[in-house]
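Student: Sharing a structure here in structure tokens format.
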Amino acid sequence: PQAPMSSLAGLSRSRKVALTALGVLAAGGGGLALALRSSLDAGELEMHPPSFPWSHGGPLDALDHSSLRRGFQVYKQVCSACHSMEYVAFRNLIGVTHTEAEAKALADSPVQVEVQDGPDENGEMFMRPGKISDYFPKPYPNAEAARAANNGALPPDLSYIVNARHGGEDYVFSLLTGYCDPPAGVTVREGLHYNPYFPGQAIGMAPPIYNEVLEYDDGTPASMSQIAKDVCTFLRWAAEPEHDHRKRMGLKMLMISGLLISLVFYMKRHKWSVMKSRKMIYRPPK
Numbered sequence: 001p002q003a004p005m006s007s008l009a010g011l012s013r014s015r016k017v018a019l020t021a022l023g024v025l026a027a028g029g030g031g032l033a034l035a036l037r038s039s040l041d042a043g044e045l046e047m048h049p050p051s052f053p054w055s056h057g058g059p060l061d062a063l064d065h066s067s068l069r070r071g072f073q074v075y076k077q078v079c080s081a082c083h084s085m086e087y088v089a090f091r092n093l094i095g096v097t098h099t100e101a102e103a104k105a106l107a108d109s110p111v112q113v114e115v116q117d118g119p120d121e122n123g124e125m126f127m128r129p130g131k132i133s134d135y136f137p138k139p140y141p142n143a144e145a146a147r148a149a150n151n152g153a154l155p156p157d158l159s160y161i162v163n164a165r166h167g168g169e170d171y172v173f174s175l176l177t178g179y180c181d182p183p184a185g186v187t188v189r190e191g192l193h194y195n196p197y198f199p200g201q202a203i204g205m206a207p208p209i210y211n212e213v214l215e216y217d218d219g220t221p222a223s224m225s226q227i228a229k230d231v232c233t234f235l236r237w238a239a240e241p242e243h244d245h246r247k248r249m250g251l252k253m254l255m256i257s258g259l260l261i262s263l264v265f266y267m268k269r270h271k272w273s274v275m276k277s278r279k280m281i282y283r284p285p286k
């Protein structure tokens, strides 16, 4: 006996097409509604940062080392009061922002906190002056002390902050320059500050930079946008110190690949194509 036919198999061709089209439209409509809902929720929580024309943004553009040096000055005089960069050492600055003598002077400067080292021959820890191999000092001894000094908020480490945030330096620049008064109907509780680029739009960090908050050593006007640009460039280098080397290697690879592709094309055109198009003719013996 034959198996009973399903209900769909008994439908006419036109009804099958109609049901298929209805299913596709329903799935597409549901996906569109979900996408619109997600984008709406994201827009209510934070503002997406714009894309800025960074001088190092091109595929062959290197970092501006003058901006890097100014960015380190911004970190040292402004950001280091609350934020650490525990994965960057003073020796990493050599040849990038400072000379070796300048980096040694920074590590052993009078304002530099002494570093705990050891143990010595007696098994005891001791304090010593900073060395060029030391990493940047932390502003707080532990996370609890950092929270206590910042109303319960933990300032993040800035070593890889550009890679750790969606938008990279665009986000950091927008966050630093995006402080403003809350719009009508929005209340920010005491101790927080309104910033549309921060998730939740309320951030515990007070506006860290403003016009002439510091004086650059090279005489560059210290406007808010200039300060934010320089420190973002420095943070890009800190997160990706191989930035310039990677682009140089990419350029060399493109040049070598061009030569190799030309050679392979020549061999294929004038050597292999002749062998590929050969025809073997069999002549039987007479």
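Take 1 as the starting number for the sequence shown in full-length UniProt numbering and just add one per residue. Quick reminder that beta carbons are idealized off the backbone N, C-alpha and C, glycines included.
On the premise that L60 lies in contact with K247, defined as a C-beta separation below 8 Å, what is that separation, rounded to the nearest angstrom?
Tutor: 6 Å
Student: Alpha carbon to alpha carbon, what distance is there between W272 and K286?
Tutor: 34 Å
Student: Candidates P49, H65 and L158: which alpha carbon is nearest H56's?
Tutor: The closest CA to that of H56, considering only P49, H65 and L158, is found on H65.
Student: Mark G28 as exposed unless 16 or more other C-beta atoms lie within 10 angstroms of its C-beta, in which case mark it buried.
Tutor: exposed
Student: Could you tell me the boundaries of the alpha helix (DSSP H) in which V172 lies?
Tutor: E169 to T177
Student: Is the stretch 119–126 in contact with the stretch 190–197, if contact means three or more CB pairs nearer than 8 Å?
Tutor: no
Student: Can you list, in chain order, the residues of its chain whose CB lies under 8 Å from that of H193, leaving out five sequence neighbours each side?
Tutor: Same-chain partners within the cutoff: Y179, A202, I203, G204, M205, A206 and P207.
Student: Is the separation between the beta-carbon of T233 and that of G71 shorter than 8 Å?
Tutor: Against a cut-off of 8 Å, the Cβ pair of G71 and T233 comes out as a contact.
Student: Which residues bound the alpha helix (DSSP H) around Q201?
Tutor: First-last for Q201: undefined, no H or E at that position.
Student: Measuring straight from C-alpha to C-alpha, what distance separates P129 and M255?
Tutor: 48 Å
Student: Does I227 pass the burial test, meaning 16 or more other C-beta atoms within 10 Å, or should it be called exposed?
Tutor: buried
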